[in-house]
Amino acid sequence: MKKDLMKVYEIDASRFKGSALDVVHPATIMEVRSVVARAKRIVLRGAGTGLAGGCVPLNGLDVVLDMSKINQIGNFNSERRTVEVEAGVILDDLQSYLAKKNLEFPVNLLNNNVCTIGGMIAMDIAGSRAVKYGKTSNWIKWVDVVDGYGNLHRKGVTELSDYAGMEGITGVIVKACLKLSPLKKRTASLIKVESLEEVVLIVRNLKRNPAVSMIDFLDKKISKGLELTKDYYLIVEYEDGSGLLKGKEYEDLMEMSDKVYSFVVNKGYTRIEDFRIMIDKFVKLMGWLEGVGIPTFGHIGIGILHPCFGRDDEKFIPEMMKLVKRLGGQISGEYGVGILKIKFVEEGDKRILINVKKRTDSLNKFNVGKMI
Ligand SMILES: Cc1cc2nc3c(=O)[nH]c(=O)nc-3n(C[C@H](O)[C@H](O)[C@H](O)COP(=O)(O)OP(=O)(O)OC[C@H]3O[C@@H](n4cnc5c(N)ncnc54)[C@H](O)[C@@H]3O)c2cc1C
128 MKKDLMKVYE IDASRFKGSA LDVVHPATIM EVRSVVARAK RIVLRGAGTG LAGGCVPLNG
188 LDVVLDMSKI NQIGNFNSER RTVEVEAGVI LDDLQSYLAK KNLEFPVNLL NNNVCTIGGM
248 IAMDIAGSRA VKYGKTSNWI KWVDVVDGYG NLHRKGVTEL SDYAGMEGIT GVIVKACLKL
308 SPLKKRTASL IKVESLEEVV LIVRNLKRNP AVSMIDFLDK KISKGLELTK DYYLIVEYED
368 GSGLLKGKEY EDLMEMSDKV YSFVVNKGYT RIEDFRIMID KFVKLMGWLE GVGIPTFGHI
428 GIGILHPCFG RDDEKFIPEM MKLVKRLGGQ ISGEYGVGIL KIKFVEEGDK RILINVKKRT
488 DSLNKFNVGK MI
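Here my numbering is used: position 142 in the sequence shown is 269, and no number is missing along the way.
Shown next, in the form of structure tokens:
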């Protein structure tokens, strides 16, 4: 591929820039196998919307394997409620296919219209409905993966953790059999909240309600940017009629919540973090973030917060990570380690990752320099 065209593939949504040896767009699984067998180093790319630099090629050494053309959907089984999808299928395309059958894939992101199933599995995405449906891996029966020799293997649930959430360092996910859920008619409420302490109380109560599928938090800065009043807000989605906003009003609220990312990025907050904490540590962490002036939103129902840092604020990140660890939280709840968070991975976790990497990718071919 020509150098100037390659530039698109040398960056992801984290804006971390690298450089590629080449970029290839295989159109079939057979082609993936032959590219992998020949290349020395491979970086896997879905839609490139990752926020940790995971699909960015490094030092001109990696061949970028763009999976976007491997995008067939088939073998739908209505009795078992399963469907087989290739890795490059875009989530919205899958949902449109399933909606005709009155079914859906229940994991939901704010960028459904671009992200690929392969990227979602590799990151084991939690997404906004995780409070009810858990992570992507909870909805997978098996995955087909290609190893460094170009061989194809089917991995069932017992071996899924070698691939789901491993950010592409263990092999290429080429296909998956997904479990499905009945299509829901959803409603929502937008709740204005006086204080951070009250947020905690409301979230605890909402989590007891099985009809609640999403509890997202907006701090005062983000609310104001979304043209709400300068207050804390919770966006709560229900899978029954309990939400006050229905039909078009529900759609409008969801559309507003989808705008959070573009709002923060347009305001220059280009580094979006994703730590995960217990709800009882929320007030303390938010107090610290507000103290240093960092706008924050997140999937508070599962304890994931997204503080948004501008260039000048990035100096606060190491201190925030220390605080998160001291309070027993995880430094990455959903965006992964990629390149950006390698230095924050604990020694114990690193040893486990190295072992899995050696076992699954003995040629050390995939996503070298990521996660470990
Ligand atoms: C506007 C916006 C909203 C977002 N919302 C959310 C959100 O709500 N929740 C959330 O968790 N994340 C969110 N993200 C982050 C990102 O979209 C997710 O991580 C998504 O799953 C990445 O999918 P992708 O297809 O773009 O993968 P890429 O960014 O291309 O890749 C992500 C990682 O997966 C690996 N990979 C990709 N395809 C394969 C494959 N076939 N086999 C093996 N490894 C592979 C890559 O090497 C890389 O490490 C958001 C990002 C943006 C820009």
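For each residue, glycine too, the CB sits at the ideal point set by N, CA and C.
All figures in this text were calculated on a predicted structure; none of them were measured in a lab.
Cβ separation of residue i and residue j, assumed to be a contact under 8 Å, to the nearest whole Å
i, j, result
"glycine 437", "glycine 395", "5 Å"
"isoleucine 329", "leucine 361", "6 Å"
"valine 387", "isoleucine 349", "6 Å"
"aspartate 189", "arginine 168", "5 Å"
"asparagine 229", "leucine 310", "5 Å"
"tyrosine 136", "aspartate 193", "7 Å"
"proline 153", "isoleucine 197", "7 Å"
"alanine 249", "isoleucine 300", "6 Å"
"leucine 307", "glutamate 231", "7 Å"
"valine 472", "cysteine 435", "The pair is not a contact, with the Cβ atoms about 22 Å apart (cut-off 8 Å)."
"isoleucine 404", "leucine 432", "7 Å"
"aspartate 81", "lysine 262", "Absent from the structure is residue 81, since the part of the chain shown begins at 128 and ends at 499."
"alanine 147", "valine 191", "5 Å"
"phenylalanine 493", "threonine 297", "7 Å"
"phenylalanine 443", "isoleucine 469", "19 Å between Cβ atoms; not a contact."
"aspartate 358", "lysine 319", "5 Å"
"leucine 323", "methionine 413", "5 Å"
"glutamate 364", "arginine 331", "About 17 Å; that fails the 8 Å criterion."
Beta-carbon proximity of residue i to residue j, cut-off 7 Å
i, j, result
"isoleucine 244", "alanine 214", "yes"
"valine 163", "glycine 295", "no"
"leucine 372", "alanine 303", "no"
"leucine 345", "methionine 383", "no"
"glutamate 366", "serine 340", "yes"
"isoleucine 429", "valine 212", "no"
"valine 504", "methionine 133", "The structure shown does not extend to residue 504, since the chain spans only 128 to 499, so no value can be given for it."
"tryptophan 269", "arginine 256", "no"
"glycine 246", "glycine 173", "yes"
"glycine 187", "aspartate 488", "no"
"leucine 185", "glycine 465", "no"
"leucine 237", "aspartate 385", "yes"
"arginine 142", "threonine 397", "yes"
"phenylalanine 409", "valine 483", "no"
"aspartate 407", "glycine 460", "no"
"leucine 480", "isoleucine 499", "yes"
"valine 273", "arginine 160", "yes"
"alanine 179", "glycine 463", "yes"
"aspartate 219", "asparagine 239", "yes"
"glycine 338", "serine 389", "Here the sequence assigns alanine to residue 338, which means glycine is not the residue at that position. No. Outside cutoff."
"tryptophan 415", "leucine 450", "yes"
Coil, strand or helix - residue i by DSSP
i, result
"serine 161", "helix"
"glutamate 213", "strand"
"proline 445", "helix"
"aspartate 367", "coil"
"phenylalanine 203", "strand"
"isoleucine 520", "Lying before the first or after the last residue shown, residue 520 is absent from the chain, which here runs from 128 to 499."
"threonine 487", "helix"
"methionine 498", "coil"
"methionine 128", "coil"
"serine 322", "coil"
"valine 183", "coil"
"aspartate 343", "strand"
"arginine 544", "Absent from the model: residue 544. The displayed extent of the chain is 128 to 499, so no value can be given."
Residues that residue i bridges to, as DSSP identifies them
i, result
"tyrosine 462", "Answer is none; tyrosine 462 lacks a bridge partner."
"valine 299", "Val273"
"serine 195", "Paired residue(s): none; serine 195 is not in a bridge."
"leucine 432", "Gly425"
"threonine 314", "Tyr365"
"aspartate 189", "Ala147"
"aspartate 439", "Looking at the DSSP assignment, aspartate 439 forms no beta bridge with any residue, so it has no partner."
"serine 308", "Glu231"
"phenylalanine 471", "Paired residue(s): none; phenylalanine 471 is not in a bridge."
"isoleucine 349", "None, per the DSSP bridge assignment."
"valine 156", "With the sequence shown as reference, residue 156 is identified as isoleucine, and valine is not the correct amino acid for it. DSSP lists no partner for isoleucine 156."
"isoleucine 138", "Lys144"
Residue i CB to nearest heavy atom of ligand 3 below 6 Å
i, result
"isoleucine 318", "No copy of ligand 3 occurs in the structure displayed; its ligands are ligand 1 alone."
4 or more residues per run - each alpha helix (DSSP H) lying fully within the region 219-297: You should have 244-250, 257-260.
Contiguous alpha helix (DSSP H) assignments of at least 4 residues, all confined to the region 368-418: You should have 374-385, 387-393, 409-418.
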